[in-house]
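Just below is one structure, and these are the notes that go with it.
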Amino acid sequence: EAGVVQSPRYKIIEKKQPVAFWCNPISGHNTLYWYLQNLGQGPELLIRYENEEAVDDSQLPKDRFSAERLKGVDSTLKIQPAELGDSAVYLCASSWGSGRAEQFFGPGTRLTVL
Amino acid sequence: SQKIEQNSEALNIQEGKTATLTCNYTNYSPAYLQWYRQDPGRGPVFLLLIRENEKEKRKERLKVTFDTTLKQSLFHITASQPADSATYLCALGGGATNKLIFGTGTLLAVQP
């Protein structure tokens, strides 16, 4: 069974440019998460979806970040415009249910903003 | 605010010994705690979950304890192997938002 798929794996952009990340969760998983991970830190939740509904987006900087999960499967996270401080790894995870459910993580997208 | 502390320095041990990693937390009453392993360039991988009413959980060479009075979890790897070298993250969950809050992780290096 395929795991969580993310693309691209790496992205280098100039500041003020837009960027988008794509995630395909494990088949059948209704909950999808986007995390941000800085070097030497643990993942920090940006947004959590249950099916198509964003149930926790309190940590998403809504002035420049947006996310969508159409049809409750794939998801896209967008940054526009990117800032230098956005350089980090963006992780996508999925689970069956939420709460204490085991989360399955993708390999992440490493974003570098120059 | 909620705070989770893991050993900030790398833990170096000899192959065959038991590795013990610590996760301390403050200003939080988690309903459960999870441990994940993360290798360089990869996403975290789930290892174990322990609930607030459980004192200890085992899985093969892994053992986790959860002391809600001390606000601490210990993660043990017995008979450690070089392949166990990785960063180990603890994550606390439950509460009003029911989301996982991760610690900063501890880098474990097992020397052959």
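First to last, the sequence lines map onto chains R and H.
Each residue of the first sequence is one higher than the one before, counting from 1 in our numbering.
Each residue of the second sequence is one higher than the one before, counting from 1001 in our numbering.
All residues carry an ideal CB built from backbone N, CA and C; glycine is no exception.
Residues that residue 1103(H) contacts on chain B, provided the C-beta gap is smaller than 8 Å: Included in the structure are the protein chains R and H, with no chain B among them.
So if I threshold CB-CB distances at 9 Å, which residues from the segment 1044 to 1055 of chain H count as touching chain R? 1044, 1045, 1046, 1049 and 1051
Whole-angstrom Cβ separation of residue 1108(H) and residue 1031(H), contact assumed at under 8 Å? Rounded, the Cβ-Cβ distance is 27 Å, inconsistent with contact.
The segment 101 to 109 of chain R touching the segment 1038 to 1058 of chain H, judged by at least three CB pairs closer than 8 Å: yes
Can you check whether the C-beta of residue 1011(H) is within less than 9 Å of a C-beta belonging to chain R? no
Would residue 1091(H) pass as an interface residue toward chain R - the criterion being a Cβ-Cβ separation below 9 Å? yes
For residue 1095(H), which three-state DSSP category applies? coil
What's the gap between the Cα of residue 86(R) and the Cα of residue 112(R)? 8 Å
For residue 1084(H), does the three-state DSSP call read helix, strand or coil? helix
Drop a sphere of 10 angstroms on the beta-carbon of residue 1035(H), count the other beta-carbons inside from all chains shown, and report buried for 16 or more, exposed for fewer. buried
Under 7 Å between beta-carbons, which chain R residues line up against residue 1042(H)? List them in chain order, please. 107
Does the structure place the segment 73 to 80 of chain R close enough to the segment 1022 to 1030 of chain H that three or more beta carbon pairs sit under 8 Å? no
Are the C-beta atoms of residue 28(R) and some chain H residue less than 9 Å apart? no
Check whether residue 88(R) and residue 36(R) have beta carbons under 9 Å apart: yes
Suppose the cutoff is 7 Å on Cβ atoms and the five residues either side in sequence are ignored; what does the same chain contact list for residue 69(R) look like? 32, 49, 52 and 75
Where residue 1056(H) and residue 1021(H) are concerned, what is the direct C-alpha to C-alpha distance, given to the nearest angstrom? 14 Å
Rounded to whole angstroms, what's the CA-CA distance from residue 1010(H) to residue 94(R)? Just pull it up for me. 29 Å
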